[in-house]
Amino acid sequence: MPDIAYEQARHGSSIGQPLTRRDGILKVTGAATYAADNRPEGLLHAVMAVSRIARGRVTHLDVAAAKGHPGVVAVMTGANAPKLAQDPDAKDNPFMFRLDLLQSDQVRYAHQPIAVVIAETLEAATEGAELLAPRYAVEPARIGLDVEAPQEPEAVGAGDKTRASRGDVEAGLAEAERRIETVYETAAQYHNPLEPHAVVAQWDGDRLIVDTPSQALATAQMRLAALFGLDPKNVLVRSPFLGGGFGSKGFLFGPQVLGVMAAKLVGRPVKLVLRREQMFGPVGHRAETRQTLRLGTDASGALTALDHHTLTATSSFDDFYEPASALSRYLYAAPAVSTGHSGVRVDTGTPLFMRAPGEASGSVALEGAIDEMAEACGLDPLDFRLKNYAEAEPISGRPFSSKALRECYAQGAARFGWDKRAKAPRSMRDSAGRLVGYGVGTALFPALMMQAEARAEIRADGTGTVALGAHDMGQGAWTALAQIAADGLGIDLDRLDFQSGRSDLPNAGIAGGSAHTATAGSAIHSATSAVLAQLAELATGDERSPLYGAGNAGVFARGGRLLRRDDEGRGESFADILARAGRASVSAEGKAAPDPASREAYAMHAHGAVFAEVSVDPDFGQIRVTRLVGAFAAGRIVNPRLVTSQYYGGMIWGVSFALHETAVLDPRSGRVMNANLGEYHVPVNADVPAIEAILVEEHDPHVNPLGIKGVGEIGITGTAGAIANAVYHATGIRVRKTPITLDRLLG
Amino acid sequence: MSFSLTLTVNGETRAIDLDDPRVTILDLLRERLHLTGSKKGCDRGQCGACTVLVNGRRVNSCLALAVSLDGADVLTIEGLARGDALHPVQAAFIDHDGFQCGFCTPGQIMSAVGLIREGQAGDDPERVREGMSGNLCRCGAYIGITQAVLEAQARLASEQGEAA
Amino acid sequence: MNRFDYVRAGSVAEAVAAAAEPGAAYLAAGTNLLDLMKGGITRPTRLVDVTHLPGLDRIEALPGGGHRVGALVRNSDLAYDAEFARAYPAVAEALLSGASAQLRNAATLAGNLMQRTRCPYFYDPASACNKRDPGAGCDARGGETRLHAVLGWSERCIATHPSDLCVPLVALDAVVEIAGKAGTREVALEAFHRLPGDAPERETVLEPGEMIVSLRLPQDAAAFAGHSRYLKIRDRTSYAFAVVSASAALRLEGGRIGAARLALGGVALKPWRARAAEAVLAGAEPGEASFRAAADAALAEARPSGDNAFKIELARRLIVRTLTLAAAGTPERMLALPASAFADGSALHA
C-alpha cells in the first residue's frame, strides 16, 4: 500500500515545496555562526604543532622558546597535558577511532599533533608553535599499496562484509564468450571542507561547553564525556552550522579534543582552529585504491560473471577500509558475482568516511569496466547497461523496494541527447576542432536508515515546536526537517519553532550515509504523529468537539486545525482543543529506526544515470567537462530546490574525483606535498559550465514512513565514471587512474 | 611597539591601535573587531572565503597586513545590506541557492560585488565563471552562484539605468 | 609568522636604506611574501613597506614610444588599462590568466617579478632545499617532479618560476629599472632572473637592498600588437599555475615573419626566452612547418628533471599552437577565458 505513508504525511503543504533556505539570510549576511566565530569572555587562542615526519619519535621540543614568545600563555605537551579518563587508543567498537592526544612521543603519520601552544593572540600562538622546532628520531615511512603483502580485513567501511558473492565466478568467466580483466586506481583524497575543524571550549567546573562542527552531536558528546570522565549531561556540544563536513566531521577528531584539553590546562576558554595543511592528516581522508575487475559476457552481451576486488590502505594503528567493491553487490545483474577487499597498513592518518565512501571509488572502476565490456561486445554503453539491468539485487536476490533506474536512463539520455553519440571513439569534434566525448555512468547509493529521536509540542496559541539535535552541513536540514516538522504538526512553517544543532536536544543520530533527512525526518514524523494523536484524543473523545466520535484515524491536521477526514468542513483549531481541555500544550517524543522486517525483505537504494560531455584539447590533453546531465530517483523529494543542489554538489565532486583531486605523497617522507588549496585541486567555478539534474519521480513504501531516500552522496557516483568514459570516447585513450590529468592523454 | 592606524570599516571610521604588525586584515576583522562574517578557509589566498572589498576592490583579506592598509576603506559582508534590505547579490544568492554550507558565501558574495563593480564580465556566463574562480565552493554551488551573479548584475545594471 | 620590524618608507631612498639591513624584505601587496611567512619559509626580521611610496603606481607612455610601468601597479590595473592592453595584448592576457581576480587586484608588478617558485619542496620546511638552505640538498630530485623544470635546471635545483606575466614581458625585451644605494640601474628582464646553477638561493640579480622601481617596455614592443598571444596549459580551467605556458608575438611582413618573439613559462627557473626558435622563425613563412621547426629549436636542450618528460612534448605542441594563434591575429576583445585552450578564440585551426 504505497499510499499510506504519503497520506499520513500529507497534512500541510510544506513537503515537496522548493522553499529557499530558512537560514539563507543568516548565511548571506555573515550572521550565521560557525564554531570559530564564537568568542566567550577571556578567550585564548591555541595552535597545534604537528609532526613533519610520518613515523618515528619526537625527541625534542623547544618549549622554552615557545613560552618565551610574548603572549604565549602555555605550551601543552605530553608532559603536562590534562590526564584523560579514557585511553585515546581504546577501541571499544568499530566506530570508535583512535585519537592522537599527546599520549606518547610516537609519531604515526605526518601532520600528527605533537603539541599545542596557547596564547593571548592568534599571532603569538602561531609563532609559538613554530618556535617549538621539533627534533625527531625518524624511521622510514611506509607508504603505498605495495608496501607489504595485503591482508584481508575483518570488515570494511561501516562494518560491511569484506567478501560477498553469489554463484561461481570462475565458472562464469570460463564459459563467457568475452572476458576482460582491468585494473583501476584511485588517488587518496582529503575532505577539505572549506571550514577547517575548529573548537571553542569552555569549562565551568565539571561542566563543558564545546562549539565545534559536528555531523554527530550525540556521539561527540559521549566521546567527550568518556575522555574527560564527565556525566554526558554536563557536556554541551553546539553545532548550528557546519562549514561543510563530507564525512570529516562525523567523528570528533584529536585536534578538537586537544582544544578542550588546552582549555582545561589553562583554565580559560580556548579556540583552536586547524591550519589548512593540518587538514591533511589528523581528520580523515579517502584512501587510495587499486581495483581489479574481471567481467565475462555471453554472445548477447549479458554478463556471466563479475568479480570486483579492491586493494586499499589503512593506517598503521587503526582500521578503516574503503569498501569500494561493495557497489558490485547492488548494481548489475550477473549470475555470478564476487566481491572482496584486501588492505595494507601505511604511515598515514586513519582513512575514514568521505562522501560516498566506497561507492565513489568503486563506481569509477565499475563504470569504467562496464564501459570497456560494452565496447568489447560492440554495444552502446547505455544499451549494455540496460541489457544487464538488475531486476533484483544481484547477490542477495532481494527485490528492490523501488527502482526507477530505467526512467533515469531514459530521461537523462533524452535530455542529454545521447542518441547523437558517435559510436567510434575519437570521432566527434566541436567547431573549434576540440575532441568531444560522451560518457554514461550509473549512480547508486544505498537508502540507509539510522536511529534518531525528536520531540514535538503544540501549544495553546496554535504554535508548535519540534526539537532535535540535527545537523545542517549545507544539505539544508534547517529547511527540509522543518518542512517535515511543519507538515507533521499540521501548522504553517512560520508557526513552527524548529530547534536543532545542539547536543542537549533529542539525539538525532548522525548526518551521514545520506540518511539524515530520512532518519531525523522519520523521528520528527513519529513525534508529531504522537502529538497529533494526543490532540485527536482530546477532541474526538469530547462531545463538545465537532470532531467527536471521528476516532484518531478519522482526523488529520492542516493549518493549525484538526479536520475530519470524511468531511474537511468539520474541524477545530488546536487552540480551541487545548483551551477546552485546560491544557497549555501537548508534547511527545518520537523515534526512528530501520525496520528490520522491511530491510530483510527488500534491497533499498537510490539510483541514477549520469551523462557527461567532455571537451579535450587534442594536442594538450587538457579536459573540460562541458555538460553534465544527471537523472536521479531517490524516493520522495522533500525540497526540490535543496535536492537539486545536493545533486549538483555531488556531481561536481564527481568532476573533482575524475579530473582533479589527489593527495600527492612523497613516498620517502610520507608527507602530503600539496597540503594546500592552491595545489590540492578541487574544481573552480570555470570547471563547471553546465549541469542539469532531473528529479525522477519515485514512490517507495518500504524505506521509511516518509518514503525518503538519501540524495547527498549519490551524485558523485556515476559521475566520475561517466566523465572518465567520456574522456575515453573523446580521445580513444582509456585512463584507468584518477584523477585523469592531461599528461596521461598526451599519447 | 604599537601601530596607530585609521580604517573605515563598513562606513565607520575607526582608530585602531595595533600591538602587533603581524595581524592581517582578516584576523583584525575576526579577532579584534569581532566581525566574523569574513571566513578563514585557507589563510593563504587560495580559497577566497576571506574576500572583502578594500578601497572598492575585492582582495583576499588573509594576505594583507592591517598596518599596511592604514587609511583604507574596507567593506565586509556585514556592511553590504542596507538595514533589512539585502543587497541584490545577497538576495540573488538566496533565490538561486548559491550556497549550501554557507562558509564560502560571504567571500563569494563580496567577490561577486567586486566583479560586478569591475564591469568586465557583464552578462556573459563564461566571464562570470572565470571571474568567480578565485572563490572555491567545496559544496559545489557553482551553478547557483553563476546564476545569482548574472541576475544581480542585470538588476544592478537596470537600476543604474533607471537612475541615470 | 615571526615578529618583525615594520618600517613604512616615505621615499625610495628611505626604502633602499631600510632594506639594506640583513634580514630585511620589501613588502608590497604581500600576496606571496605573507604566504611564505605563514608557511615559515621565509622569516624576515624587517619588512619595509613600500606601498605608500608616491609615483610608483603609474603607467606612462614614453615620449619615444614604449611604456613605463611603476613597480606598484596592480596586476588588474595593468591588464585593464586600455592603451596598455592594446599595445601589449599578450601581457594583458597573461596577467588575466594568472591567479584569481582577488590576487590580481592586490598583486603588484614588482611583486610578480619577485615571486618565488611553487616547488613543493621549497614550500615544505622539512624538505632539503638549496634555495632555502644553500648546500642542504634538493629533495625534489627523486621526488614528486611532475611540474618541475625541463630547461636550465641543475642538480642543485629543478624548480620553475611561476609567473605568467613575466613570460610575454621577457619576450618583448622588457627592462627592469632598479634603485639601489648607488643610484639606479637597468637590467633586461631576460637577465634579471638567474638560472640555478650552483647557487639557486640567488634568484635574481638584485643586490641586497636594491628595489625594483619600474619596468620599461621598449619602443618596438608594441609593433607586435597585432599578432600576440599567451597560452597556458593548466590542470584546472582557471586559478592554477601553468603546467607549461607560451607567449608568441609576430611581426608579419608581406606574408613572411619579419620578427618573432617567443618565451615559455613553467619550464625553467626563469621565464624562458626561446631565442633559437625566434631565429628559426625570422624570415620564414608562417605555418606549421616553420612553427614546428621553431618548437624543436626551443626545446632542443630540454631534458626531464624527473617524472616530467611529458612537458617537453607539451611545450613543443604549445609553441606550435601559440604561434598559429598569434599568426591568425590578436583577438579584438579579451577572451572570456584568457590564455585558455578552451577560450572561444583559441580554435585549433584557423
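Protein chains in written order, with UniProt numbering: chain U, 1 to 747; chain L, 1 to 164; chain S, 1 to 350.
Ideal Cβ positions, reconstructed from N, Cα and C, are used throughout, including at glycine.
Quick caveat: nothing in here was measured; it's all calculated off a predicted structure.
Should residue i go down as buried or exposed, given a rule of 16 or more other Cβ atoms within 10 Å for buried?
{"i": "proline 196 of chain S", "result": "buried"}
{"i": "methionine 604 of chain U", "result": "buried"}
{"i": "asparagine 80 of chain U", "result": "exposed"}
{"i": "alanine 424 of chain U", "result": "exposed"}
{"i": "aspartate 419 of chain U", "result": "exposed"}
{"i": "leucine 231 of chain S", "result": "buried"}
{"i": "lysine 233 of chain U", "result": "exposed"}
I need the DSSP call for residue i, collapsed to helix, strand or coil.
{"i": "proline 125 of chain L", "result": "helix"}
{"i": "arginine 321 of chain S", "result": "helix"}
{"i": "serine 325 of chain U", "result": "helix"}
{"i": "threonine 731 of chain U", "result": "helix"}
{"i": "glycine 12 of chain U", "result": "In this predicted model, glycine 12 of chain U has a pLDDT of only 48, less than 50, meaning its place in the structure is not dependable; the value taken from the coordinates is given anyway. Three-state result, glycine 12 of chain U: coil."}
{"i": "glycine 10 of chain S", "result": "coil"}
{"i": "alanine 287 of chain U", "result": "coil"}
{"i": "arginine 744 of chain U", "result": "helix"}
{"i": "isoleucine 4 of chain U", "result": "The predicted model places isoleucine 4 of chain U with a pLDDT of 32, which falls under 50 and marks its position as unreliable, so this point remains unresolved."}
{"i": "tyrosine 184 of chain U", "result": "strand"}
{"i": "glutamate 186 of chain S", "result": "strand"}
{"i": "methionine 428 of chain U", "result": "coil"}
{"i": "phenylalanine 103 of chain L", "result": "coil"}
Under 7 Å between beta-carbons, which chain U residues line up against residue i? List them in chain order, please.
{"i": "alanine 341 of chain S", "result": "Asp617, Phe620 and Gln622"}
{"i": "alanine 326 of chain S", "result": "Result: empty, since nearest Cβ-Cβ is about 16 Å, beyond 7 Å."}
{"i": "glutamine 147 of chain L", "result": "The contacting residues do not exist; glutamine 147 of chain L stays about 11 Å from chain U at best."}
{"i": "valine 81 of chain L", "result": "One detail in the question is off: residue 81 of chain L reads as alanine in this sequence, not valine. The answer, in chain order, is Thr29."}
Taking Cβ positions, are residue i and residue j nearer each other than 8 Å?
{"i": "leucine 136 of chain L", "j": "leucine 677 of chain U", "result": "yes"}
{"i": "alanine 171 of chain S", "j": "arginine 86 of chain S", "result": "no"}
{"i": "glutamine 215 of chain U", "j": "isoleucine 510 of chain U", "result": "yes"}
{"i": "arginine 455 of chain U", "j": "proline 399 of chain U", "result": "no"}
{"i": "asparagine 685 of chain U", "j": "isoleucine 145 of chain L", "result": "yes"}
{"i": "aspartate 20 of chain L", "j": "glutamate 130 of chain U", "result": "no"}
{"i": "valine 267 of chain S", "j": "leucine 215 of chain S", "result": "no"}
{"i": "valine 113 of chain L", "j": "valine 128 of chain L", "result": "no"}
{"i": "glycine 650 of chain U", "j": "glutamate 713 of chain U", "result": "yes"}
{"i": "leucine 34 of chain S", "j": "leucine 33 of chain L", "result": "no"}
{"i": "alanine 20 of chain S", "j": "lysine 181 of chain S", "result": "yes"}
{"i": "glycine 343 of chain U", "j": "alanine 313 of chain U", "result": "yes"}
{"i": "arginine 565 of chain U", "j": "glycine 554 of chain U", "result": "yes"}
{"i": "arginine 321 of chain S", "j": "aspartate 743 of chain U", "result": "no"}
{"i": "residue 356 of chain S", "j": "glycine 265 of chain S", "result": "The structure shown does not extend to residue 356 of chain S, since chain S spans only 1 to 350, so no value can be given for it."}
{"i": "threonine 348 of chain U", "j": "glutamate 185 of chain U", "result": "no"}
{"i": "isoleucine 109 of chain L", "j": "valine 28 of chain U", "result": "yes"}
{"i": "arginine 276 of chain U", "j": "glycine 670 of chain U", "result": "no"}
Between residue i and residue j, which are expected to be in contact by the criterion C-beta below 8 Å, what is the C-beta distance as a whole number of angstroms?
{"i": "glycine 441 of chain U", "j": "valine 610 of chain U", "result": "5 Å"}
{"i": "proline 213 of chain U", "j": "glycine 243 of chain U", "result": "6 Å"}
{"i": "valine 150 of chain S", "j": "leucine 109 of chain S", "result": "27 Å between Cβ atoms; not a contact."}
{"i": "proline 54 of chain S", "j": "asparagine 130 of chain S", "result": "The Cβ separation is near 39 Å, so there is no contact."}
{"i": "leucine 269 of chain S", "j": "glycine 152 of chain S", "result": "6 Å"}
{"i": "valine 75 of chain U", "j": "valine 117 of chain U", "result": "5 Å"}
Would you mind telling me which residues of chain L sit closer than 9 Å to residue i, beta carbon to beta carbon, in chain order?
{"i": "methionine 473 of chain U", "result": "Gln100, Cys101 and Cys139"}
Can you pull the chain L residues whose beta carbon is under 7 Å from the beta carbon of residue i, in chain order?
{"i": "serine 645 of chain U", "result": "Asp97, Gln100, Ala141 and Gly144"}
Taking C-beta pairs closer than 8 Å, name the residues in chain S that residue i reaches, listed in chain order.
{"i": "methionine 673 of chain U", "result": "Pro120, Tyr121, Asp124, Gly143 and Glu144"}
Which residues in chain L have a C-beta closer than 8 Å to the C-beta of residue i? List them in chain order.
{"i": "phenylalanine 4 of chain S", "result": "Pro21 and Arg22"}
Could you tell me which chain U residues have their CB closer than 9 Å to the CB of residue i, listed as they occur along the chain?
{"i": "methionine 1 of chain S", "result": "Glu123, Thr126, Glu127 and Glu130"}
{"i": "phenylalanine 93 of chain L", "result": "Gly24, Lys27 and Val28"}
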